[in-house]
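Reading through the structure tokens given below for one structure.
In our numbering, the protein residues as written are 5 to 130.
This is the structure we're talking about:
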């Protein structure tokens, strides 16, 4: 019987980068994987939306938290804010190219979570 040797698994490409406390990628991970950050990015993956639409989609988010999340995602270059000079004011939010790239990666994760959430949350007590 032939014994195969396991293939060498490449080292995690960011093993030296994301684990140190001062690594900037930890800040970005915190922003995009926060509860509200993920929900806002997923909502915007469906197309531009106004404040009220985002607030309605992300049930339970306060106005303060929505404002803070949008401001952070905009500062990080994931969200574009388009304020139109009309009365009453109209502001639309959309994903930037960077935001779309991130959204394309997040959507499969969110789909996996949605598929398995009930079984995970309703697991038998240990």
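Think of the CB as a built atom: it goes at the ideal place given N, C-alpha and C, for glycine as much as any other residue. If you're wondering where the values come from, they're calculated on a predicted model, not measured in any experiment.
Which value, in whole angstroms, describes the spacing of the CA atoms of residue i and residue j?
| i | j | result |
| --- | --- | --- |
| residue 99 | residue 62 | 16 angstroms |
| residue 26 | residue 91 | 44 angstroms |
| residue 123 | residue 43 | 21 angstroms |
| residue 28 | residue 22 | 8 angstroms |
| residue 57 | residue 116 | 25 angstroms |
| residue 69 | residue 114 | 21 angstroms |
| residue 77 | residue 54 | 15 angstroms |
Can you tell me which of the three DSSP states residue i falls into?
| i | result |
| --- | --- |
| residue 98 | strand |
| residue 54 | strand |
| residue 26 | coil |
In the DSSP assignment, what are the bridge partners of residue i?
| i | result |
| --- | --- |
| residue 87 | 95 |
Check whether the Cβ atoms of residue i and residue j sit closer than 8 angstroms, and answer yes or no.
| i | j | result |
| --- | --- | --- |
| residue 52 | residue 108 | no |
| residue 111 | residue 46 | yes |
| residue 103 | residue 73 | no |
Counting Cβ pairs, one atom from each stretch, are 3 or more of them under 8 angstroms apart for the segment 29 to 39 and the segment 76 to 87? yes
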